[in-house]
Every structure is written in C-alpha cells, then in structure tokens.
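Residue numbers (numbering that gives the first Met the number 0): 0 to 252.
Beta carbons: idealized from backbone N, C-alpha and C, even for Gly.
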Amino acid sequence: MRRYLVLGGTAEARALAEELHALPDTLVVSSLAGRVRRPRLPVGQVRVGGFGGPAMLAAYLVAERFDAVVDATHPFAERISASAAQAAELAGTPLLVLRRPGWTERAGDTWHWVDDLVGAAALLPELGERVFLTTGRQGLPAFAECPQWFLVRCVDPPEPPLPARHELLLDRGPYTLPGELGLLREHRIDVLVTKDSGGPLTSAKLDAARDLSIPVVVVRRPAAGPAPVLPDVAQVVRALTESADHPGRAAGD
Ligand code: NAP
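Set out below in structure tokens:
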C-alpha cells in the first residue's frame, strides 16, 4: 500500500487526490487548513487544521508512514509550504510541490508588478480611485488606510480592519468573462488588484481588465523552496508512480 499526504486547499489538490485515490493499493490523505467555512472536500481521507508547525508535521509524516508528501497548496500559502519543506527534511519523506504556472502579461494588458500587498496599496493613488480587490480576505489590513473605494471580493467575510470605503462581495468562483465585465462596468472599476495566483478558474478578471483597458496591479509570488516543482496533476502522478521510492529524482531533482 502506497501512502500519500496531499497538502491542499486548491482545485489542483482535489484533482490530485482524485487521481491518486483511483490508483490500486494507494491511500491518499488530504490536509486542509480549515480556514474556509464550507470547503470543497476532496475524495479520500481528509484531515482539517494546522499541524502545529514543522516538527509536528514531521512527526505526523513518520507516524502515518507516508511514502511522499505533495505540497499542493496555493502559491501564496507561504507558511505551510515552508513548514512542509522543513518537515519533509526532518522526517526523510520525499516532497513534491504541485504549483500551477503563474499568469503572463499579454498584448493589451497594463500590469504593474509589486512584491507584496503593501506595495500594491502604495501604487493605487497613481492608478485609480475605484479598486476591484481580489487578493483574499487575509491581506486586507494592507489597504485599511487607503482613501480609494474598494469592491472587495472574497470567499468568507473578512475581519477588520478594512478600507473605510468598500463594498463586500462574497463569492468563490470560478468566474466568467461576461460576469467579470459586468462587475467592472457596474462598479465603474478603474484598477484591479490581484495576486499572481495563476490557473484558469480566476483568470477571467484579467481578460475583462484587458477588454476595458483597466490597469492591473499584480502581486509577485513568493520564492519557491528547494523541492521539485511540477506544474500539473499528471506530472505529479507520473513522478509518484514511476519512481515510487524517489519521487524527487523522477521530477528532475
Ligand atoms: P499559510 O499562511 O501558508 O499557513 C498558515 C498555517 O495554516 C500553517 O502554518 C499551517 O498551520 C496551517 N495550514 C495551511 N495550509 C494547511 C493545510 N493545507 N493543511 C494543514 N494546515 C495548513 O496558509 P494560508 O495562506 O492561510 O492558506 C490556508 C489554506 O488556504 C492553504 O491550504 C491554501 O492552499 C489555501 N488557500 C490560500 C490562498 C492564499 O491566497 N493564501 C488562496 C486560496 C487557497 P501549522 O503551522 O499549525 O501546521
């Protein structure tokens, strides 16, 4: 029996769990942080909640005799990715990272790259007055002092502090181009702020911004760790199954 731990919270993590679950003699446990009130659950076993840091995650990897761990968390979930890297090292468990590629600027786009949310907030005065903010609820304090008006879209209601002038839109996607165009027009948005999350599920806002010549502030991804990074589910499944003992090497490590 092969045993895999998938650190999840993304659509790719659910797809990976489904693929692994379908393999013979394979047990897959998906781990969720427990942040979202009604998470979309993957198939197979699911555990919810933090591990208590890298040492505790390492102890869990050893106790549950996982053959490999896949970090399929969101590209901006920095702490769990760092924790997974340390834990895998401590436990001697092979680690693969499943990370969807970032977005690429296309003709007609006006993108402004920044390193973090504070950098995004600092750019707003020169770009617009009515902001579509799609960076998730956790980083909203970075915009709390901004005088602009914000359409804030996130999955669950955020905690204060929030920008003084805002409207909240609770939604989780996937989003369509007509829907995003409608939102931008209805709220007379003149600047979009996004993380470079990548993937097709939330990219329609970028197409809509291009169509309406709206500038986009894009927050760069945090740097990747030392483990092999694979861009899609198929490559992770291949790496895990082709080289059962050494998935890192199969991925070109
Ligand atoms: P984070 O800052 O990297 O992690 C904070 C802590 O939450 C971690 O140290 C860990 O606690 C726990 N944790 C995070 N992901 C976990 C997982 N999959 N399983 C078990 N524990 C986990 O994470 P975040 O940015 O708050 O994201 C939380 C979850 O939401 C992630 O699973 C991520 O994939 C998903 N998500 C994040 C974003 C985003 O923009 N950040 C967007 C969409 C989805 P311990 O130290 O106690 O182990």
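For residue i and residue j, I'd like the C-alpha separation in whole angstroms.
i           : j           : result
residue 155 : residue 198 : 21 Å
residue 217 : residue 0   : 43 Å
residue 34  : residue 103 : 29 Å
residue 204 : residue 223 : 25 Å
residue 32  : residue 79  : 9 Å
residue 220 : residue 24  : 36 Å
residue 174 : residue 118 : 26 Å
residue 238 : residue 15  : 12 Å
residue 111 : residue 195 : 11 Å
residue 230 : residue 100 : 6 Å
residue 74  : residue 182 : 26 Å
Taking the DSSP output, what are the residues bridged to residue i?
i           : result
residue 129 : 148
residue 44  : 28
residue 2   : 26
residue 193 : 217
residue 111 : 216
residue 16  : Beta-bridge pairing links residue 16 to no other residue.
residue 182 : None, per the DSSP bridge assignment.
residue 69  : 5 and 95
Could you check how far apart the C-beta atoms of residue i and residue j are, in whole angstroms? I think they sit under 8 Å.
i           : j           : result
residue 76  : residue 172 : So it is not a contact: roughly 17 Å between Cβ atoms.
residue 18  : residue 236 : 5 Å
residue 193 : residue 22  : About 35 Å; that fails the 8 Å criterion.
residue 132 : residue 150 : 7 Å
residue 57  : residue 86  : 4 Å
Between the beta-carbon of residue i and the beta-carbon of residue j, is there less than 7 Å?
i           : j           : result
residue 96  : residue 226 : yes
residue 142 : residue 162 : yes
residue 215 : residue 191 : yes
residue 153 : residue 123 : no
residue 70  : residue 6   : yes
residue 45  : residue 29  : yes
residue 61  : residue 4   : no
residue 232 : residue 98  : no
Counting only beta-carbon separations shorter than 7 Å, does residue i have a partner in chain B?
i           : result
residue 156 : Annotation note: the requested chain B is absent from the structure, which comprises a single protein chain.
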